[in-house]
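Each residue of the sequence shown is one higher than the one before, counting from 1 in full-length UniProt numbering.
Data block below; observations after.
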Amino acid sequence: MQVNINNDDQWGEVLATKGLIVADVYQQWCGPCRAVVSLFRKIKNELGDELLHFATAEADGIEALEKYRGKCEPTFLFYAGGQLVSVLRGPNASLLQRVIQEELSKEKNVLAHGAARRAVSYSTHLPTVITVWTTDDFTSHNCLIQTRNSAFFLRIIQDAGFVILAHEERTLSEAEAQDFYQHKAAEPYFQELIQFMSSGPLHVLVISKTEGCEDVIPAWREFIGPPDVEEARRMQPERYFIPSKRNI
Numbered sequence: 001m002q003v004n005i006n007n008d009d010q011w012g013e014v015l016a017t018k019g020l021i022v023a024d025v026y027q028q029w030c031g032p033c034r035a036v037v038s039l040f041r042k043i044k045n046e047l048g049d050e051l052l053h054f055a056t057a058e059a060d061g062i063e064a065l066e067k068y069r070g071k072c073e074p075t076f077l078f079y080a081g082g083q084l085v086s087v088l089r090g091p092n093a094s095l096l097q098r099v100i101q102e103e104l105s106k107e108k109n110v111l112a113h114g115a116a117r118r119a120v121s122y123s124t125h126l127p128t129v130i131t132v133w134t135t136d137d138f139t140s141h142n143c144l145i146q147t148r149n150s151a152f153f154l155r156i157i158q159d160a161g162f163v164i165l166a167h168e169e170r171t172l173s174e175a176e177a178q179d180f181y182q183h184k185a186a187e188p189y190f191q192e193l194i195q196f197m198s199s200g201p202l203h204v205l206v207i208s209k210t211e212g213c214e215d216v217i218p219a220w221r222e223f224i225g226p227p228d229v230e231e232a233r234r235m236q237p238e239r240y241f242i243p244s245k246r247n248i
């Protein structure tokens, strides 16, 4: 079901294929992600769509995938019309299935109605990792927002034009949290911050904007609005989500 690609010529041929290509990028020493094969087969059988194609791509032999070498985390690249349209890291089955269906629907719209294809740029440098939900008021309400309504906030982020290149749910140890937030060590709430950030699962996103946006950081800061609650309520009430001392 998956086309095996291990050189530049084969990579060029598969990118010229009409439709959506979902490529599992892997290293020679660890092989492709076997955990998703049954999922891909299920999706292919259910949709029966000739525009949906699956491939495995060995990064070691493909120059265009050089930036993915030396990494063992499952990485899935979505290509349409020879352009990169989405990236996912990690074998999150439900998210992977949703992105496949969404990107396939978008490409059908491009082919059938001439809609603009929204390509994403993936820098040759390591992408900026942004912890999406941060706050200086660590209450149980905020924790519920993070863990129970994550799909809602992910959709808001995507609707605002941001592209989620990678999405990982993980739990930090206290040592990892202290290292990550060492720039906050002098703040009076530092220990409470560490306790909160290591108390349960967090959603860590790698995000980008579509072509035409040179720097995602200013766009992201503009999107989330002022950190001060009163200022956020006054200047950008539509960006205010949590009734706490700090906006997310």
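C-beta atoms are modelled at their ideal positions from N, C-alpha and C, and glycine is treated no differently.
Reduced DSSP secondary structure (H/G/I, E/B, other) of residue i
i	result
isoleucine 5	strand
tyrosine 68	helix
glutamine 83	strand
serine 105	helix
aspartate 24	strand
isoleucine 164	strand
glutamate 73	coil
leucine 172	coil
isoleucine 100	helix
serine 38	helix
isoleucine 62	coil
Cβ-based neighbour list, residue i, same chain, cut-off 7 angstroms, excluding 5 preceding and 5 following
i	result
isoleucine 43	Gln97 and Ile100
leucine 77	Ala23, Val25, Leu84 and Val87
Rounded C-alpha distance that separates residue i from residue j
i	j	result
histidine 53	serine 198	40 angstroms
valine 36	glycine 81	24 angstroms
glutamate 174	glycine 48	47 angstroms
valine 3	asparagine 45	16 angstroms
phenylalanine 223	asparagine 109	27 angstroms
arginine 117	glutamine 158	15 angstroms
histidine 167	alanine 16	28 angstroms
proline 32	lysine 67	17 angstroms
histidine 113	asparagine 7	34 angstroms
Cβ neighbours of residue i in the same chain (closer than 8 angstroms, five flanking residues each side left out)
i	result
tryptophan 11	Ile5, Ala57, Ile62, Ala64 and Leu65
leucine 172	Phe180, Met197, Ser198 and Leu202
glutamine 182	none
Integer Cβ distance of residue i from residue j, believed to fall under 8 angstroms
i	j	result
leucine 51	leucine 104	7 angstroms
valine 163	valine 204	Actually they do not touch by this definition, with Cβ atoms about 15 angstroms apart.
Continuous beta strand (DSSP E) stretch holding residue i: start and end
i	result
glutamate 58	52-58
Where the alpha helix (DSSP H) through residue i begins and ends
i	result
proline 91	Element bounds for proline 91: n/a, residue is neither H nor E.
tryptophan 29	Careful: tryptophan 29 lies outside any alpha helix (DSSP H) and carries neither H nor E.
arginine 221	216-224
Residues near residue i in its chain [Cβ-Cβ closer than 6 angstroms; skip 5 each side]
i	result
alanine 93	Leu39
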